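The next block holds one structure in the form of structure tokens; read it before the comments.
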Amino acid sequence: MTMTRRVQAKKENSNTEFAVITYGFLGLFIAMCLYFAYFITFGAEDFINNPYNARVSQFSENVIRGDILSSDGEVLATTQVSSDGSESRVYPYGRVFAHAVGYNSNGKAGVELDGNFNMLRSHSFALTRLINDFTDTKDQGDSVVTTLDAGMQQAAYNAFGNYRGAVVAIEPSTGRILTLMSKPDFEPVSIASNWEALNSDSDSSVLLNRATQGLYPPGSTFKILTALEYLNEGGKKSDTFDCQGTYTENGFTIHCYGNTAHGQEDLTQAFAKSCNVAFSQAGLSLDLNKYHNLAENMLFNRDIPTKLSNVKKSSFDLKKGDDPVLVMQTAIGQGNTLVTPLHMAMIAAAIDNDGIVMEPYIIDKVVNDNGDLVRPNFGDTYGAIVSTEDAKKLRKLMRAVVTDGTGSALLSENYKAYGKTGSAEYTSDKNATHSWFVGFAKKEDREVAVAIIMEGAGSGSSHAVPVARAMFDNYFSE
Ligand SMILES: [Zn+2]
Numbered sequence: 067m068t069m070t071r072r073v074q075a076k077k078e079n080s081n082t083e084f085a086v087i088t089y090g091f092l093g094l095f096i097a098m099c100l101y102f103a104y105f106i107t108f109g110a111e112d113f114i115n116n117p118y119n120a121r122v123s124q125f126s127e128n129v130i131r132g133d134i135l136s137s138d139g140e141v142l143a144t145t146q147v148s149s150d151g152s153e154s155r156v157y158p159y160g161r162v163f164a165h166a167v168g169y170n171s172n173g174k175a176g177v178e179l180d181g182n183f184n185m186l187r188s189h190s191f192a193l194t195r196l197i198n199d200f201t202d203t204k205d206q207g208d209s210v211v212t213t214l215d216a217g218m219q220q221a222a223y224n225a226f227g228n229y230r231g232a233v234v235a236i237e238p239s240t241g242r243i244l245t246l247m248s249k250p251d252f253e254p255v256s257i258a259s260n261w262e263a264l265n266s267d268s269d270s271s272v273l274l275n276r277a278t279q280g281l282y283p284p285g286s287t288f289k290i291l292t293a294l295e296y297l298n299e300g301g302k303k304s305d306t307f308d309c310q311g312t313y314t315e316n317g318f319t320i321h322c323y324g325n326t327a328h329g330q331e332d333l334t335q336a337f338a339k340s341c342n343v344a345f346s347q348a349g350l351s352l353d354l355n356k357y358h359n360l361a362e363n364m365l366f367n368r369d370i371p372t373k374l375s376n377v378k379k380s381s382f383d384l385k386k387g388d389d390p391v392l393v394m395q396t397a398i399g400q401g402n403t404l405v406t407p408l409h410m411a412m413i414a415a416a417i418d419n420d421g422i423v424m425e426p427y428i429i430d431k432v433v434n435d436n437g438d439l440v441r442p443n444f445g446d447t448y449g450a451i452v453s454t455e456d457a458k459k460l461r462k463l464m465r466a467v468v469t470d471g472t473g474s475a476l477l478s479e480n481y482k483a484y485g486k487t488g489s490a491e492y493t494s495d496k497n498a499t500h501s502w503f504v505g506f507a508k509k510e511d512r513e514v515a516v517a518i519i520m521e522g523a524g525s526g527s528s529h530a531v532p533v534a535r536a537m538f539d540n541y542f543s544e
């Protein structure tokens, strides 16, 4: 009896083993099939699109590189074919879109890089392609339609003048990049002939896309984070500060811009007028570990979620036990903190969008030479970087900047603007500052978030705010 039971138990055991192995292999097989199907559907194109894949460059032997278009159909890049068959890439808007559209000689950058594969494939009418095959004629490559708004980009470009710096505009609810500008810029058509000069000019680094790769001190735009942390730790908007224009702690003196004494003020007024004295004091009261977490939740020290290539990470390194002088500096956006304009635009967009970040993207869709859709593109949701409640608190503070503070030049009958100015010191000379504006504006269901930095231009309200004004006026006049 015992014997039989033992045999039976053994048999059951091996049956179970057999089942585990069978199901294991079956599971593996299904997983492989699924991966294969996924790769065929989505992965293969990305794999082929890899700039290191030599196959792609061979496509240009059979296909005329397609166009790059703005969202409203303006041609930003096209290939001209002369009678002898030689091809040249031309850029009708020249410098205006230089960094956004990029270049396709001496390497690739911008949309010329990100959309490379799509423009070297052709989904022309099948019969046309068949005839081309017989007559040894090249097919017309597909066009990449970007999210860029030609009107607003041009408005930003004109208002910016000859400063160095960058402008980014994003549609908050989708992540569509409407403006992407960096100066100094270059003439894309002559990039090959100017290549050596452009690369040897390390002083102005013309080829650097400052919008996505420029790391700047955030200046007072960082008070957005300081204010939020202060409120989250039990601070009130009605808390009062007394500003005499300067504040000294541990032998270090913080100055308000132009040493202006702001007098008695509450947190909202201090934010609206960008009072450094109030914010360095608020900073000293913070739990630095919590402040650090807040910064990291808002994407500091993180990879920026976007499909754009070559985007730099922002950095924030303040932590518990750091010198109070560094705490005060960090709270007003000086210290060691560095941000990209793209990141600041994403923060503004998230505040407008109830805390949710949509991943910024610039390729809207791919169409064939007849304008028929080949491949759509959609923004991905990254998730919340601040809560809905916090986004609402910040909108109130940022609205006060426009109604009662340094952004008053953005008051308009046509739209409602919100923001934060900044004058970021970058040398020991207190009068040399980068001019910042970070904010958004809305009218009915249209909205746009922007980040603007002008290197060495002066205060945020004197230079970056007028650029924002030009952009908002253009965007909401359409
Ligand atoms: Zn002050």
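Note that the sequence shown covers residues 67 to 544 in the working numbering.
Virtual Cβ for every residue (Gly too), placed ideally from N, Cα, C.
Keep in mind it's a predicted model, so treat the numbers as computed, not measured.
- Taking the Cβ of T326 as the reference point, at least one heavy atom of ligand 1 falls within a distance shorter than 8 Å.
- In the assembly as shown, K339 is a buried residue. Its beta-carbon has 16 or more other beta-carbons within 10 Å.
- Listed in chain order, the non-local C-beta contacts of L360 below 8 Å within the same chain comprise L291, L294, E295, N298, local neighbours out to five positions each way being set aside.
- By the beta-carbon neighbour count (other beta carbons within 10 angstroms, threshold 16), L463 is buried.
- Beta-bridge partners assigned by DSSP to K486: V504.
- Proximity of the segment 440-448 to the segment 312-326 falls short of the contact definition, fewer than three beta-carbon pairs being nearer than 8 Å.
- Under the rule that a run must span 3 or more residues, the beta strand (DSSP E) segments found entirely inside the segment 421-483 read 422-424, 429-433, 439-442, 447-450.
- In this chain, the alpha helix (DSSP H) harbouring D418 covers 407-418.
- Annotated as distal: G349 and H328, with beta-carbon spacing of 9 Å or more.
- Judged by beta-carbon spacing, Q219 lies beyond the 9 Å limit of T203, meaning their Cβ atoms are not closer than that value.
- DSSP places D511 in no alpha helix (DSSP H); its state is neither H nor E.
- Here the segment 190-202 does not lie against the segment 168-179, with fewer than 3 beta-carbon pairs under 8 Å apart.
- For N342, the CB falls within less than 8 Å of some heavy atom of ligand 1.
- The criterion of a C-beta distance shorter than 9 Å is not satisfied by I370 and T212.
- Short note on G311: C-beta closer than 8 Å to some heavy atom of ligand 1.
- Under the 8 Å Cβ criterion, the segment 375-385 does not count as touching the segment 251-266, having fewer than three qualifying pairs.
- Collapsing the DSSP output to three states places T306 in a strand.
- Annotated three-state conformation of R155 is strand, per DSSP.
- Counting along the chain, V233 sits inside the beta strand (DSSP E) bounded by residues 231-236.
- The residues K509, F542, in chain order, have a CB closer than 7 Å to that of N480 in the same chain once the five nearest residues on each side in sequence are set aside.
- For E295, the enclosing alpha helix (DSSP H) begins and ends at 289-298.
- DSSP places Y313 inside the beta strand (DSSP E), whose first and last residues are 312-315.
- The residues S171, N172, in chain order, have a CB closer than 8 Å to that of A258 in the same chain once the five nearest residues on each side in sequence are set aside.
- Per DSSP, reduced to three states, the secondary structure at N228 is coil, with no helix or strand assignment.
- Sequence-distant Cβ neighbours of F366 in its own chain, meaning closer than 6 Å and more than five residues away, are S380, F382.
- Beta-carbon to beta-carbon, S453 and D180 are separated by about 33 Å, too far to satisfy the 8 Å threshold.
- It is roughly 14 Å from the alpha-carbon of G139 to the alpha-carbon of Y157.
- For T396, the uninterrupted alpha helix (DSSP H) segment begins and ends at 390-397.
- Under the three-state reduction of DSSP output, D539 falls in the helix class.
- In this structure, A416 places its C-beta atom within 9 Å of the C-beta atom of A457.
- In summary, V147 is exposed, with fewer than 16 beta-carbon neighbours lying within 10 Å of its beta-carbon over all protein chains present.
- DSSP places G349 in the uninterrupted alpha helix (DSSP H) bounded by 342-350.
- Residue range 209-212 is occupied by the beta strand (DSSP E) that includes S209.
- Per DSSP, reduced to three states, the secondary structure at Q400 is coil, with no helix or strand assignment.
- Taking the C-beta atoms as reference points, A164 is found no nearer than 9 Å to S256.
- Counting of Cβ neighbours within 10 angstroms places V86 among the exposed residues, the total staying below 16.
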